[in-house]
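With my numbering applied, the first sequence closes on residue 776, and no number is skipped along the way.
Even for Gly, the Cβ is constructed at its ideal location relative to N, Cα and C.
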Amino acid sequence: MPVITLPNGDKKVFEKPVTAAEVAASIGAGLAKAAIGAKVDGELRDLSTVLDRDCLLAIVTAPKPGQAASADALYLMRHSAAHVMAEAIQDVLGKDVLLAYGPPTDTGFFYDMYVPEGKKLSTDHFDAINTRMAEIIAENRTFTRYEQDAEASLTRLQREGNKYKIDNAERALGRASSVYKSSKPVADASMIRNPDTTGLSFYATGEPGKNWEDLCRGPHVPSTGRIGAARVMSLASSYWHGDENSDRLTRVYGTAFASQADLDAYLNQLEQAKARDHRVIGKNLRLFHIDETVGQGLILWTPKGAIVRKELQAFIAAELKKQGYTEVFTPHIGSLELYKTSGHFPYYKDAQYPPIIERETLEALAACSCAEVMRRVEGVSARLAAGINERTKAQTITPDRVLPDEQLVKGFMLKPMNCPHHAKIFDSAPHSYRDMPVRLAEFGTVYRWEQSGELNGLTRVRGFTQDDAHLFCTEDQIPAEIQGCLTLVKVIFATLGMKDYRVRVGLRDPDSSKYTGSAESWDKAEAACLEAAASLGVAFSKEPGEAAFYGPKIDFVVKDVIGREWQLGTVQVDYQMGNRFDLSYIGPDGGKHRPVVIHRAPFGSMERFCGVLIEHFAGAFPTWLSPEQVRVLPISEKTNEYAQRVAGLLREAGVRVGVDAGPDRIQAKVKVAAEEKIPYLLVVGPRDAEAGTVSVRVRGVEKDLGAMPLSAFVEGVVGEIAIRRADLTVRP
RNA sequence: GCCACCGUAGCUCAGUGGUAGAGCACUCCCUUGGUAAGGGAGAGGUCAUGGGUUCAAGUCCCAUUGGUGGCUCCA
45 MPVITLPNGD KKVFEKPVTA AEVAASIGAG LAKAAIGAKV DGELRDLSTV LDRDCLLAIV
105 TAPKPGQAAS ADALYLMRHS AAHVMAEAIQ DVLGKDVLLA YGPPTDTGFF YDMYVPEGKK
165 LSTDHFDAIN TRMAEIIAEN RTFTRYEQDA EASLTRLQRE GNKYKIDNAE RALGRASSVY
225 KSSKPVADAS MIRNPDTTGL SFYATGEPGK NWEDLCRGPH VPSTGRIGAA RVMSLASSYW
285 HGDENSDRLT RVYGTAFASQ ADLDAYLNQL EQAKARDHRV IGKNLRLFHI DETVGQGLIL
345 WTPKGAIVRK ELQAFIAAEL KKQGYTEVFT PHIGSLELYK TSGHFPYYKD AQYPPIIERE
405 TLEALAACSC AEVMRRVEGV SARLAAGINE RTKAQTITPD RVLPDEQLVK GFMLKPMNCP
465 HHAKIFDSAP HSYRDMPVRL AEFGTVYRWE QSGELNGLTR VRGFTQDDAH LFCTEDQIPA
525 EIQGCLTLVK VIFATLGMKD YRVRVGLRDP DSSKYTGSAE SWDKAEAACL EAAASLGVAF
585 SKEPGEAAFY GPKIDFVVKD VIGREWQLGT VQVDYQMGNR FDLSYIGPDG GKHRPVVIHR
645 APFGSMERFC GVLIEHFAGA FPTWLSPEQV RVLPISEKTN EYAQRVAGLL REAGVRVGVD
705 AGPDRIQAKV KVAAEEKIPY LLVVGPRDAE AGTVSVRVRG VEKDLGAMPL SAFVEGVVGE
765 IAIRRADLTV RP
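Quick look at the structure:
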């Protein structure tokens, strides 16, 4: 006698077990018709799920026309559409395409599959796949769930010869995989585990034994017709279980929506996003250039982009000054020994440009074997090893890396981080506890050997300038310093009108012993990070196990126009660097103490941050950031002279101004300037020349706003720039 | 780095084995005008690079290089 509690608190009592569909029908015909799934005690289930005990039940419905679909409804449709797409692909390419794993995602779904040798899935197949998917949806076949016990299931999968599904099944059953030795955990075992029985569930799209079937945990919509609209989107590749040593699979992305209109709107939105892409805008507005002859991932800042970057940097620098930072400059390279001391080399050598070795040394090494060269480059002196091992109280440098001095290869590295240089600056003078914290800031350019496939416009590059600083402080000062970093973030994001970011607080994994520093220190630092993050007023997540081994951290993450997340900045507490570099300050007791170091680059790099800003503003920067803030447009060449006078006055006032003195008509000049997203256009003709006025047109306002005295305009625009206003406010 | 796709004028792109094209931008000429393109002419190419197949290659094949989307990675 199940008692079903509905979301509004109503209770319904049934004499015998009922399906969720029957409950929906008992509530109303309209609900029954709209129902596509059920949420039982918070878990998404098929509508056909039998309810045989007391539970909370919410019916998941397809949205009415014009209404937004619920996340649950989209999940059901997309999970179901993944089956439909898989069937369509097998119809088009053949049954020997082996299905592996096909979950819903935020914007659709994908299905990983193995395409046998000799066959190829390409975008040329998309029309056929889409057509077939539409047919399957039109056939409105029922999603039929049935269960088999473990042995029968495995026997069946063996017969079908799909090792991926066997692997899935074994993992779902909690057994070690007999097919794969991958050390990585299954991506999401719950996708296929049947929570109710010890067996496994299968779904037939139609009749079991007759129509297409797949091992699947579910749930699904009742029938294919309840998927509003679906289509295949793109091809990519993936590894089985995300393990690059495992099989390479073809990942087919698709998406589904409750209606064709929703799908069209989504596709349209993707189109729009493309126009906001910083790579597109950067090219159109001539902000930056990447040249293959210069090198992958190396940004050439063209004059206009250089202005944006410079203004942004000046803004950040001004805020740092207010917070008591002191600026330093350090070179782009440092000796190998420096990075051996910090530990970056050779531990992160794969992520760095290879060492720069002097010509004579290189010639001497020419006779050595490759392995010998590596050994001599990566080796350290006995003195250095002893020092580090003593200070870190561990065998940080193993004996096999210690070589006699004459065998060590000396050389330099392009710096992958600024901290070793800054540590050396700190160490170059004695420090009293009275001087702490020491805040060393530098827009420091670093170089990292990112994998070529990861490079992306301004957001992932190989040479970039961090808004870096290192705060050398006492343990007691950590909370205030972290708070200061976050205040800076708040001020700058607020000025730029950026609200769409999230914060991750990386905490230590309590089970792990890999961390350095005492438990009490960690507790305090973690508490300080959490408190500071909470004070920002945006969403933040605690991420246990995500701390660096040397301390907890706060990361700032933003999304680009196509939904990819990029980490901007980070604030990291570091208990280790003081040891590696033997840093100290004199305490009140007259003795030496280790400073704690806070690494902070809240905006990450100027490159990535500018990329994000370009997308944030869609290239329409506020006046203070705009490469060209005002453009004067003479009506005809007869007023060119007046236009030049206007421009001269603005330039004298510190405004970046241009003049379009060409032979075009005013309509053409306005159009061109609008496309270049210039904040203010001043149209000047004989009337203005006579009266000493300018006719103002403001970006985003599609008409002439009338004339105003030139002096008033200058005053207005200069004021707007001075306070870094986010919007355009000067009006006649 | 791996997989797939792509690379034609400064930009956006057409060109399915037979004489390299369009629009915009650029230069010049006409037009001297009041708010999203007035008109005309001209110039601009080693079709990413290198090799191969072919009587003939932008087009087909191989390699390299760069880009895009994913995967993996990201101190």
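Problem - Neighbourhood of PHE170 by C-beta distance below 7 Å, restricted to the same chain and skipping five residues each side - result: VAL276
Handout entry: Under 8 Å between C-beta atoms of ARG624 and ILE432
Key = yes
Practice task
Let me know the alpha helix (DSSP H) ranges lying completely inside the region 468-544, each 4 residues or longer, listed in chain order.
Solution key: Inside the region 468-544, DSSP marks whole alpha helix (DSSP H) runs of 4 or more residues at positions 522-540, from first to last along the chain.
Exercise for the section: Enumerate in chain order the residues of its own chain whose CB-to-CB distance from HIS637 is below 8 Å, with the five nearest sequence positions on each side excluded. Expected result: So the qualifying residues of the chain are TYR477, THR518, SER628, TYR629, ILE630 and GLY631.
Problem - MET752 in three-state terms, based on DSSP - result: strand
Exercise for the section: Pull up the distance between the alpha-carbon of PRO776 and that of ALA583, whole angstroms please. Expected result: 41 Å
Handout entry: Helix, strand or coil at SER226 [DSSP, three-state]
Key = Reliability fails at SER226, whose pLDDT of 41 lies under 50, so the model's placement of it is uncertain and no value is given.
Exercise for the section: Report all residues from its chain with a CB closer than 8 Å to the CB of SER92; omit the five preceding and five following residues, and keep chain order. Expected result: Non-local C-beta neighbours of SER92 in its own chain, meaning closer than 8 Å and more than five positions away in sequence, comprise THR63, ALA64, ALA65, ARG189 and PRO266, ordered along the chain.
Problem - Proximity to ASN462 [Cα-Cα], best of ARG320, GLY378, MET45 and GLU87 - result: GLY378
Problem - Within 8 Å, strictly: CB atoms of ALA117 and ILE71 - result: no
Handout entry: Touch test, the region 360-367 against the region 449-458, Cβ-Cβ under 8 Å, three pairs minimum
Key = Touching, no.
Problem - Range of the contiguous alpha helix (DSSP H) that encloses LEU217 - result: Per DSSP, LEU217 belongs to no alpha helix (DSSP H) and is neither H nor E.
Handout entry: Where the beta strand (DSSP E) containing LYS311 begins and where it ends
Key = Reading off the sequence shown, one finds Leu at residue 311, where the question assumed Lys. Where LEU311 is concerned, there is no enclosing beta strand (DSSP E), although the alpha helix (DSSP H) it sits in stretches over 304-320.
Practice task
Quick one: grab the DSSP three-state call for GLY550.
Solution key: strand
Problem - Among LYS558, VAL296 and GLY272, nearest to ALA130 - alpha-carbon criterion - result: The alpha carbon of ALA130 has as its nearest neighbour, out of LYS558, VAL296 and GLY272, the alpha carbon of VAL296.
Problem - Neighbour-count burial assignment, VAL230, 16 or more Cβ in a 10 Å radius - result: For VAL230, the predicted structure reports a pLDDT of 40, less than 50, and the residue's modelled location is therefore unreliable. The matter cannot be settled from this model.
Handout entry: Presumed contact (8 Å Cβ cut-off) between ILE642 and GLU525, rounded CB distance
Key = 5 Å
Problem - Cβ-based neighbour list, MET542, same chain, cut-off 7 Å, excluding 5 preceding and 5 following - result: Excluding sequence neighbours, MET542 sits near HIS660.
Handout entry: Beta-ladder partner(s) of ARG89, from DSSP
Key = ALA82
Practice task
State buried or exposed for CYS414, treating a residue as buried only when at least 16 other CB atoms are found within 10 Å of its CB.
Solution key: exposed
Exercise for the section: Could you tell me if PRO239 is buried or exposed, where buried requires 16 or more neighbouring beta carbons within 10 angstroms of its beta carbon? Expected result: In this prediction, PRO239 has a pLDDT of 47, which is less than 50 and means its spatial position is unreliable; what the coordinates show is noted afterwards. Exposed, since its Cβ has fewer than 16 Cβ neighbours within 10 Å.
Practice task
Just mark ASP85 as buried or exposed, buried being the case when its beta carbon has 16 or more other beta carbons within 10 Å.
Solution key: exposed
Handout entry: Inter-residue Cα distance where the pair is ALA69 and HIS264
Key = Taking the straight line joining both Cα atoms gives about 19 Å.
Handout entry: Simplified DSSP assignment, three categories, for SER670
Key = coil
Problem - Delimiting residues of the beta strand (DSSP E) encompassing TYR283 - result: 273-283
Practice task
Determine, using beta carbons only, whether VAL136 and ARG176 come nearer to each other than 8 Å.
Solution key: yes
Exercise for the section: Spatial neighbours of ARG237 within its chain, please: CB distance less than 7 Å, with the 5 preceding and 5 following residues excluded, ordered by chain position. Expected result: Confidence at ARG237 is low in this model, with a pLDDT of 43, below 50, so the placement of that residue should be treated as unreliable; the coordinate-derived value is given next. Contacts found: ALA216 and ARG261.
Exercise for the section: Answer yes if the region 536-552 comes into contact with the region 592-605, meaning at least three C-beta pairs across the two stretches below 8 Å, and no otherwise. Expected result: yes
Problem - Nearest neighbour of ARG779, chosen from ALA411, LYS354, ALA718 and GLY138 [CA to CA] - result: Because residue 779 is not part of the residues shown, which for the chain are 45 to 776, the question remains open.
Exercise for the section: Would you be able to state if there are at least three C-beta pairs under 8 Å between the region 750-767 and the region 710-717? Expected result: Verdict: no, contact absent.
Practice task
With a 10 Å radius around its C-beta and 16 neighbouring C-beta atoms as the bar for buried, classify ALA766 as buried or exposed.
Solution key: Around the beta carbon of ALA766, fewer than 16 other beta carbons sit within 10 angstroms, so the residue counts as exposed.
Problem - Same chain, Cβ closer than 7 Å to LEU605, five either side skipped, listed in chain order - result: Inspection of the sequence shows that residue 605 is occupied by Val rather than by Leu. Closer than 7 Å at Cβ, skipping near neighbours: ALA317, ARG320, ASP321 and GLU659.
Problem - HIS127, DSSP secondary structure in three states - result: If DSSP states are grouped into helix, strand and coil, HIS127 belongs with the helices.
Problem - 8 Å Cβ shell around THR405 - same chain, five flanking residues per side excluded - result: For THR405, the CB contacts under 8 Å within the same chain, skipping 5 residues up- and downstream, are VAL453, LYS454 and GLY455 in chain order.
Exercise for the section: Excluding the 5 residues preceding and the 5 following ARG353 in the sequence, name in chain order all residues of the same chain whose CB lies nearer than 7 Å to its CB. Expected result: Excluding positions up to five away in sequence, the list reads TRP345, MET650 and CYS654.
Practice task
Check whether the Cβ atoms of LEU754 and ARG741 sit closer than 8 Å, and answer yes or no.
Solution key: no
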